[in-house]
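Below you'll find the structure, written out as structure tokens, and then a few comments.
Protein chains in written order, with this note's numbering: chain A, 1381 to 1599; chain B, 46 to 291.
Here you go:
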């Protein structure tokens, strides 16, 4: 069932490739805006790069949360999913994973290119990409709770940012912190361990909380 | 004597109980506030390092305590409401949120006023300040989610989930912010008070904290009463109440 949900969502995303590309280009534009605002001083930019890329990834992932359930909600698929005998948490986990594959993975693949624009050394690029690889699934997992709670509400898009962004803070701190620690010559392993711990914890709890939220929203 | 607690789980009987309790808590709040402010301004000695400006802690520390405590209480009642489907518990959670947010704001604001003369800056990205700011965001998120949902039952349950997710996250956020701060810069400013505090200072702070408790209880009960009236406006007992006052 898990693979069925993922395959279906990926197929739907491939039919509407523009949506996927919009998120990616949003990410690129936000990252490109900072040098224009801060100034092209390379030494400053190099220090700011991990934080900028991570904040942009947070925003891009958050903006695409609305699509996770809303189309299924509008055409009635979500109701059928709720009625199905399969565990709702499992089906929701499938939707979270496909959200990550559609929005998270392109960001991870794009990050090294943007890092080069900010003149990051090669080792920092590797750490940045790996930290995003570990961190972006957490964003999809936690974000799904907010997306499920704001389903069908007026102003849901803005509301979801209020709910979800404070919860993203630990991911931002340790994701960007890993890159900074590695450029400072300190080990980044501790940051990665914590990111991994967050990933595992949210993998256990987020599908369950999201399933409960969906049931509340669909009552 | 045993009290039938379930009786007061009904909004109708709680409405009258709260109405009876509010005057006591209000009077206690005002009395403690007067005593606390008197101790704070006249009895407590001037701090030899911080001068007179330290006196803001008599507001600041109780507000910071209440801001954190009320969030846990709010999440507790929201969780009870979600688990046992008791309407009154969810109404209590909704009633607590604005008071908690207010104390968070006061803690941040008075902290800035204290920071300017002490640290020479209104704001530092210190671990405690940052996590208090995030707590404020969590309160705002809870309130705006409930405000956006028209159906009160759905608002209760959705709010409960976000409050519980928040309460799980608070320790994580708190520690991550603390580590983030220490990883970046060495100890620049520490908010930690010296433990050797004059007795009068400590007494003033504790009395003010009690005043904040009493104020919160009175305020929350008042707000719970209005929420009960609003939600139960179609019931017979509210109609009766209206007939009585007319």
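A virtual CB, placed ideally from N, CA and C, is assigned to each residue, including glycine.
I need the boundaries of the alpha helix (DSSP H) containing residue i, first residue and last residue.
i, result
"residue 1422 (chain A)", "1422-1443"
"residue 115 (chain B)", "102-129"
"residue 1394 (chain A)", "1382-1395"
"residue 170 (chain B)", "Element bounds for residue 170 (chain B): n/a, residue is neither H nor E."
"residue 1497 (chain A)", "1485-1497"
"residue 1594 (chain A)", "1569-1598"
"residue 58 (chain B)", "56-83"
"residue 1452 (chain A)", "1446-1454"
"residue 1479 (chain A)", "1468-1479"
"residue 1548 (chain A)", "1536-1563"
"residue 148 (chain B)", "132-164"
"residue 278 (chain B)", "First-last for residue 278 (chain B): undefined, no H or E at that position."
"residue 1507 (chain A)", "1502-1529"
"residue 1457 (chain A)", "1457-1463"
Leaving out the 5 sequence neighbours to the left and right, which residues in its chain are closer than 6 Å to residue i when beta-carbon positions are compared?
i, result
"residue 1403 (chain A)", "1440, 1444, 1483"
"residue 1581 (chain A)", "none"
"residue 1450 (chain A)", "none"
"residue 92 (chain B)", "99"
"residue 229 (chain B)", "With a pLDDT of 45 at residue 229 (chain B), under the threshold of 50, the modelled position of that residue is not reliable, and the figure given next carries that caveat. Closer than 6 Å at Cβ, skipping near neighbours: no residue."
"residue 1414 (chain A)", "1432"
"residue 231 (chain B)", "Note that residue 231 (chain B) has pLDDT 41, beneath the 50 cutoff, so the model's placement of it is unreliable and the number below is only indicative. Within the same chain, residue 231 (chain B) has no close Cβ partners at all."
Can you list, in chain order, the residues of its chain whose CB lies under 7 Å from that of residue i, leaving out five sequence neighbours each side?
i, result
"residue 84 (chain B)", "245, 248, 249, 252"
"residue 119 (chain B)", "138, 141, 142, 145, 208"
"residue 98 (chain B)", "159, 162, 163"
"residue 1459 (chain A)", "1598"
"residue 152 (chain B)", "105, 108, 109, 112, 177"
"residue 1448 (chain A)", "1475, 1479, 1524, 1527"
"residue 1437 (chain A)", "1407, 1487, 1512, 1516"
"residue 74 (chain B)", "256, 259, 260, 263"
"residue 1557 (chain A)", "1571"
"residue 181 (chain B)", "146, 149, 150, 153"
"residue 243 (chain B)", "89, 90"
"residue 167 (chain B)", "157, 160, 161"
Can residue i and residue j be called in contact, C-beta distance under 9 Å?
i, j, result
"residue 184 (chain B)", "residue 149 (chain B)", "yes"
"residue 1525 (chain A)", "residue 1589 (chain A)", "yes"
"residue 1469 (chain A)", "residue 1587 (chain A)", "yes"
"residue 1446 (chain A)", "residue 1527 (chain A)", "yes"
"residue 1553 (chain A)", "residue 224 (chain B)", "yes"
"residue 263 (chain B)", "residue 77 (chain B)", "no"
"residue 1518 (chain A)", "residue 1594 (chain A)", "no"
"residue 133 (chain B)", "residue 269 (chain B)", "yes"
"residue 1540 (chain A)", "residue 1442 (chain A)", "yes"
"residue 1386 (chain A)", "residue 1411 (chain A)", "no"
"residue 1489 (chain A)", "residue 189 (chain B)", "no"
"residue 123 (chain B)", "residue 201 (chain B)", "yes"
"residue 68 (chain B)", "residue 276 (chain B)", "no"
"residue 1434 (chain A)", "residue 1555 (chain A)", "yes"
"residue 66 (chain B)", "residue 272 (chain B)", "no"
"residue 1551 (chain A)", "residue 1500 (chain A)", "no"
"residue 1529 (chain A)", "residue 1596 (chain A)", "yes"
"residue 281 (chain B)", "residue 1534 (chain A)", "no"
"residue 205 (chain B)", "residue 81 (chain B)", "no"
"residue 1508 (chain A)", "residue 1591 (chain A)", "no"
"residue 1491 (chain A)", "residue 1562 (chain A)", "no"
"residue 1382 (chain A)", "residue 1473 (chain A)", "yes"
Report all residues from its chain with a CB closer than 8 Å to the CB of residue i; omit the five preceding and five following residues, and keep chain order.
i, result
"residue 1424 (chain A)", "1418"
"residue 218 (chain B)", "176, 179"
"residue 265 (chain B)", "137, 140, 141, 144"
Using a Cβ-Cβ cutoff of 7 Å, what residues of the stretch 155-189 of chain B are near chain C? List them in chain order. The structure shown has no chain C; the protein chains it does contain are A and B.
Name the residues in the stretch 192-210 of chain B whose C-beta lies less than 7 Å from a C-beta of chain A; which are they? 193, 194, 199, 202, 203, 206, 207, 210
Give the residues from the stretch 1533-1547 of chain A that approach chain B closer than 7 Å (Cβ to any Cβ), ordered along the chain. 1533, 1534, 1535, 1539, 1542, 1543, 1546, 1547
Any 3 or more C-beta pairs closer than 8 Å across the stretch 1480-1497 of chain A and the stretch 1392-1403 of chain A: yes
Quick check: the stretch 1447-1455 of chain A against the stretch 1561-1575 of chain A, are at least 3 beta-carbon pairs closer than 8 Å? no
When the Cβ atoms of the stretch 55-62 of chain B are set against those of the stretch 209-219 of chain B, are three or more pairs found closer than 8 Å? no
Interface residues of the stretch 246-275 of chain B facing chain A [CB-CB below 7 Å]: None of the residues of the stretch 246-275 of chain B has a beta carbon lying less than 7 Å from any beta carbon of chain A.
To be precise: take each residue of the stretch 118-132 of chain B, compare its Cβ to all Cβ atoms of chain A, and keep it if any distance is under 9 Å. Which residues remain? 127
Members of the stretch 1481-1502 of chain A that neighbour chain B once the beta carbon cut-off is set at 8 Å: none
Please list, in chain order, the residues of the stretch 1510-1531 of chain A that have any C-beta partner in chain B closer than 9 Å. 1522, 1525, 1526, 1528, 1529, 1530
Any C-beta of chain B within less than 7 Å: which residues of the stretch 1577-1595 of chain A qualify? 1589, 1592, 1593
Beta carbons nearer than 9 Å to chain B: which residues of the stretch 1382-1414 of chain A have them? Within the stretch 1382-1414 of chain A, no residue qualifies.
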